[in-house]
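Novice: Residue numbers (this note's numbering): 572 to 880. The beta carbon of each residue, even a glycine, is placed where N, CA and C say it ideally should be.
(1) Would you tell me roughly how many angstroms separate the C-alpha atoms of residue 728 and residue 822, rounded to the nearest one?
(2) Residue 831: buried (16+ other C-beta within 10 angstroms of its C-beta) or exposed?
(3) Tell me the rounded alpha-carbon separation between residue 714 and residue 726.
(4) Sorted by chain position, which residues of the same chain lie with C-beta nearer than 6 Å to residue 808's C-beta, five sequence neighbours on each side aside?
(5) With a threshold of 6 Å on Cβ separation, who are the neighbours of residue 679 within its own chain once the five nearest residues in sequence on each side are excluded?
(6) Under the assumption that residue 774 contacts residue 737 (Cβ atoms under 8 Å), give the Cβ distance between them as a whole number of angstroms.
(7) Return yes when the Cβ of residue 625 is within less than 8 Å of the Cβ of residue 660, no when it is not.
(8) Whole angstroms is fine: what's the gap from residue 632's alpha carbon to residue 846's?
(9) Considering Cα atoms alone, identify which of 656, 733 and 826 is closest to residue 677.
(10) Have a look at 781, 647 and 670 and flag the residue whose alpha-carbon is nearest the alpha-carbon of residue 627.
(11) Around the C-beta of residue 947, are 16 or more other C-beta atoms found within 10 angstroms, so that it is buried, or is it exposed?
(12) Excluding the 5 residues preceding and the 5 following residue 642 in the sequence, name in chain order all residues of the same chain whose CB lies nearer than 8 Å to its CB.
(13) Run the CB neighbour count on residue 597, radius 10 Å, all protein chains shown included, and call it buried at 16 or more, exposed below.
(14) Considering residue 685, what are the terminal residues of the alpha helix (DSSP H) in which it resides?
(15) Under the assumption that residue 587 contacts residue 762 (Cβ atoms under 8 Å), give the Cβ distance between them as a whole number of angstroms.
(16) Report the rounded CA-to-CA distance for residue 840 versus residue 758, giving the unit in angstroms.
(17) Could you give the distance in angstroms between the alpha-carbon of residue 855 and the alpha-carbon of residue 593?
(18) Buried or exposed: residue 844, going by 16 or more other Cβ atoms within 10 Å of its Cβ?
(19) Please give me, in chain order, every unbroken run of the beta strand (DSSP E) with length at least 3 that falls completely inside the region 798-862.
(20) Please classify residue 722 as buried or exposed, where buried requires at least 16 neighbouring CB atoms within 10 angstroms.
(21) Determine whether the beta carbon atoms of residue 667 and residue 826 lie at a separation below 8 Å.
(22) Out of 820, 789, 792 and 777, which one is the CA nearest neighbour of residue 599?
(23) What's the gap between the Cα of residue 767 and the Cα of residue 740?
(24) So, with DSSP's three-state summary, where would you put residue 695?
(25) Alpha carbon to alpha carbon, how far is residue 756 from residue 707?
(26) Helix, strand or coil for residue 587 per DSSP?
(27) Which partner residues of residue 755 appear in the DSSP bridge assignment?
(28) Do you know offhand how far residue 743's Cα is from residue 750's?
(29) Roughly how many angstroms separate the alpha carbons of residue 696 and residue 644, rounded to a whole number?
(30) Output the distance between the C-alpha atoms of residue 864 and residue 716, rounded to the nearest integer angstrom.
(31) With DSSP as the reference, label residue 656 as helix, strand or coil.
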């Protein structure tokens, strides 16, 4: 991974750490148990050819948080139902198996990431959770329009976890992280340069290293490492490219990038990202198809996310 041009820290009193110290601090961050299981029982049932709404509902009932999230989603404006749904089986029917599975993956992971917060200045974590789920949804939507065939949930997981480095950074570097959050920046690249100046690594490097400790597949950790610069990915560039564009689109739709003071995303600016060419090339037909799919997905996204958090 080629380092970006060096940037000086806004606070000279805070010096960047050595790579060894960065690794030591990351290794001291508690692991997320949900990344080991990701609701295996529910995932197996949803994947089964002989699954029934009643069986799925029974497993969901064991998790009060997942139950509440599911009911909020199905009763959101996205579905436009005239009568309120209070029955889990009925909610499963309206949502469908794919959204149930996505919800079952996102819920425990986000709750555990939320639990990593340390006492200190209150940050808009809810914005980050919404952005993470939105990016997961859009990553999957984008890859459907390409030739990449994914028969598991790698695309959704990469989108969901692409900014986990920020959560780890806040826990491992509590004195440095508030400075990064408080500093205005024009682009994600500027944020990454600032992170490297203040800490030594950016959130993509930190997140990838943290997830390697969880023994997630190299496909996932590499995609997260290069999600801000997919053109430099040694392999799996399509995944990194999809996350880069998805992140951009979610911020454009009005869902903030998370914690930093980033400038608004101009319309159609995603076409200038390196990930766009990697995913869709330069052909006019492919570009038109991709833009049409993106418009449809963006219209649905805010309403869908409204019921989640």
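Specialist: This is what the structure holds:
(1) 19 Å
(2) buried
(3) 8 Å
(4) 801 and 849
(5) 605
(6) 5 Å
(7) yes
(8) 40 Å
(9) 733
(10) 670
(11) Coverage of the chain is limited to positions 572 through 880, which leaves residue 947 absent and any answer about it impossible.
(12) 656, 657, 659 and 662
(13) buried
(14) 668-686
(15) That pair is no contact at about 15 Å.
(16) 12 Å
(17) 45 Å
(18) buried
(19) none
(20) exposed
(21) no
(22) 777
(23) 12 Å
(24) coil
(25) 24 Å
(26) coil
(27) 832
(28) 14 Å
(29) 19 Å
(30) 8 Å
(31) coil
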